[in-house]
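Engineer: One structure, as C-alpha cells, below. Some questions next.
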Amino acid sequence: MSAAQLMKRVLMVPPKHFTVEYNINPWMGGVVDKVKAFEQWNALKSAIEKEGVEVLTMDQTPGLPDQVFVCNSGLVYNNKVYLSKFRHKERTGEQEHYLRWFKSHGIQTFGEDYPEYFEGGGDAVFSDPNTLWAGYGQRSAIEVYDKIKALGQFDIVICDLIHPNFYHLDTCFAPVDKTTALWYPPAFSEKTKKEVC
Numbered sequence: 025m026s027a028a029q030l031m032k033r034v035l036m037v038p039p040k041h042f043t044v045e046y047n048i049n050p051w052m053g054g055v056v057d058k059v060k061a062f063e064q065w066n067a068l069k070s071a072i073e074k075e076g077v078e079v080l081t082m083d084q085t086p087g088l089p090d091q092v093f094v095c096n097s098g099l100v101y102n103n104k105v106y107l108s109k110f111r112h113k114e115r116t117g118e119q120e121h122y123l124r125w126f127k128s129h130g131i132q133t134f135g136e137d138y139p140e141y142f143e144g145g146g147d148a149v150f151s152d153p154n155t156l157w158a159g160y161g162q163r164s165a166i167e168v169y170d171k172i173k174a175l176g177q178f179d180i181v182i183c184d185l186i187h188p189n190f191y192h193l194d195t196c197f198a199p200v201d202k203t204t205a206l207w208y209p210p211a212f213s214e215k216t217k218k219e220v221c
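Using this note's numbering, the first residue of the sequence shown is number 25, and each one after it goes up by one.
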C-alpha cells in the first residue's frame, strides 16, 4: 500500500510568508527564493492531485514561516487528529491556527490540553492503517504515544531518535509499503535498530 493509497486528502499551506527567520534545526539557513518556493509548492500540489488525492489548503499566517510544514501539525487517523505541541517556541503560534482549521472542517481533535511535546507527522507515520511508526527523543516525548492510541486500533512501533541531524522521524525513515521502508540506521538507537531489523 503506497502513501497515496493511505491518503484520501491532504492539507497544504502555500509558502506566502516562508522565510528563514530563526534556526531550530541543523539544516536551516540561507535565503528563500520565493518564486522557486511557489513553483515547487505548485508542482508538489499537482503531483499529489495526479495521484487522486484531494488537496485542501490553508492560508499561511504572517510571522509563522514554518507553517508550510503542515505534516508537523498533528497526526491524522480516520477523520481524527492528535494535535502537535511544538517543542520550539518559534512554532507554538501555529497550534491555534491548526486547531481552528481542523475543527472548522469537522475533524475531531485530541491532544490540545496535554503537556507532552509531539510534532505530528514529523515524528509519527503510518506504513499501513494498522501500523504507526513513532519517533521520540528530540522533538516528541515517548509518553505521548500512550495517548495517541485513542485515535484508533493500530500497533505502535517506538523509534528512539539519537542523531541531532535527524530530529524528526520523517528525516530518516520513509515507509514504501507495509513491509518495506527507506531508513538511515545511524539516526536510531541500537535498541531501535535491533527491534526494527
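From the three backbone atoms N, C-alpha and C, an ideal C-beta is built for every residue, glycine too. If you're wondering where the values come from, they're calculated on a predicted model, not measured in any experiment.
Suppose the cutoff is 7 Å on Cβ atoms and the five residues either side in sequence are ignored; what does the same chain contact list for N49 look like?
Structural biologist: Residue 49 sits at position 25 when you count from the first residue of the sequence shown. Reliability of the predicted coordinates at N49 is poor, the pLDDT of 49 falling under 50, and the value obtained from them is presented with this limitation in mind. Excluding sequence neighbours, N49 sits near Y191.
Engineer: K217: which of C196, K202, L80 and V200 sits nearest, CA to CA?
Structural biologist: In the sequence shown, residue 217 corresponds to position 193, counting from 1. K217 has its Cα closest to that of C196, out of C196, K202, L80 and V200.
Engineer: Can you name the residues that DSSP bridges to D179?
Structural biologist: If you number the sequence shown from 1, residue 179 lands on position 155. For D179, which the question treats as bridged, DSSP gives the partners T155.
Engineer: How many Å lie between S70 and W207 at the Cα?
Structural biologist: Walking along the sequence shown from the start, residue 70 turns up at place 46. Walking along the sequence shown from the start, residue 207 turns up at place 183. In a straight line, the C-alpha of S70 is about 26 Å away from that of W207.
Engineer: Under 8 Å by Cβ, that's how I've got L80 and I172 pegged, so tell me the actual separation to the nearest angstrom.
Structural biologist: Locating residue 80 in the sequence shown gives position 56, counting from the first residue. Locating residue 172 in the sequence shown gives position 148, counting from the first residue. L80 to I172, Cβ: 22 Å. No contact.
Engineer: Taking only the alpha-carbon atoms, compute the straight-line gap between K74 and R33 and give it to the nearest angstrom.
Structural biologist: Reading the sequence shown from its first residue, position 50 is the one you call residue 74. Reading the sequence shown from its first residue, position 9 is the one you call residue 33. Taking the straight line from one Cα to the other gives about 12 Å.
Engineer: Can you have a look at P68 and say buried or exposed, based on whether 16 or more other CB atoms are within 10 angstroms of its CB?
Structural biologist: The sequence position of residue 68 within the sequence shown is 44, counting from 1. Inspection of the sequence shows that residue 68 is occupied by Leu rather than by Pro. Classification for L68: exposed.
Engineer: M36 bridges to which residues according to DSSP?
Structural biologist: One-based indexing of the sequence shown puts residue 36 at position 12. DSSP, once it has assigned bridges, lists T81 as partnering M36.
Engineer: Just list the residues that DSSP pairs Y160 with in beta bridges.
Structural biologist: Numbered from 1 along the sequence shown, position 136 holds the residue referred to as residue 160. Paired residue(s): D184.
Engineer: For the 8 Å Cβ check, are there 3 or more pairs between the stretch 106-118 and the stretch 150-160?
Structural biologist: The stretch 106-118 is not in contact with the stretch 150-160.
Engineer: Along the chain, where does the beta strand (DSSP E) that runs through L206 open and close?
Structural biologist: Here residue 206 is taken as the residue at index 182 of the sequence shown, counted from 1. That run of the beta strand (DSSP E) goes T204 to W207.
Engineer: Just to confirm my understanding: we take M25, look at its own chain, exclude 5 residues before and 5 after, and list those with CB closer than 7 Å. What are they?
Structural biologist: Taking the first residue of the sequence shown as position 1, residue 25 is located at position 1. Legend: pLDDT at M25 = 46, less than 50; position of this residue unreliable, no value from coordinates given.
Engineer: Tell me F197's beta-bridge partners as DSSP assigns them.
Structural biologist: Stepping through the sequence shown from its first residue, residue 197 is reached at position 173. W207, per the DSSP bridge assignment.
Engineer: Going by other Cβ atoms of all chains shown within 10 Å of its Cβ, with 16 needed for buried, is A174 buried or exposed?
Structural biologist: Against the sequence shown, residue 174 aligns to sequence position 150. When all chains shown are included, A174 counts as exposed.
Engineer: Using DSSP with H/G/I as helix, E/B as strand and the rest coil, what is F126?
Structural biologist: For the purposes of this step, residue 126 is identified with residue 102 of the sequence shown, where counting begins at 1. The answer is helix: DSSP assigns F126 an H, G or I state.
Engineer: Please say whether G146 and L193 have beta carbons closer to each other than 8 Å?
Structural biologist: Sequence index remark: in the sequence shown, residue 193 carries index 169 (1-based). Sequence index remark: in the sequence shown, residue 146 carries index 122 (1-based). Cβ atoms of L193 and G146: closer than 8 Å.
Engineer: Taking the straight line between their C-alpha atoms, what separation do you get for N102 and S128?
Structural biologist: On the sequence shown, position 78 is the one that residue 102 refers to. On the sequence shown, position 104 is the one that residue 128 refers to. When rounded, the distance between both Cα atoms is 16 Å.
Engineer: Is the Cβ-Cβ distance between F142 and K109 less than 8 Å?
Structural biologist: Translated into the one-based positions of the sequence shown, residue 142 becomes position 118. Translated into the one-based positions of the sequence shown, residue 109 becomes position 85. Yes, they are a contact pair.
Engineer: So, is G159 buried or exposed, given that buried needs 16 or more other C-beta atoms within 10 angstroms?
Structural biologist: Numbered from its first residue, the sequence shown carries residue 159 at position 135. By the 10 Å Cβ count, G159 comes out buried.
Engineer: Roughly how many angstroms lie between the CA atoms of Y138 and V37, to the nearest whole one?
Structural biologist: By 1-based counting over the sequence shown, the position of residue 138 is 114. By 1-based counting over the sequence shown, the position of residue 37 is 13. C-alpha separation (whole angstroms): 25 Å.
Engineer: What's the call for D170, buried or exposed, on a 16-neighbour Cβ count within 10 Å?
Structural biologist: What you label residue 170 is simply residue 146 of the sequence shown in a count that begins at 1. D170 is exposed by the Cβ-count criterion.
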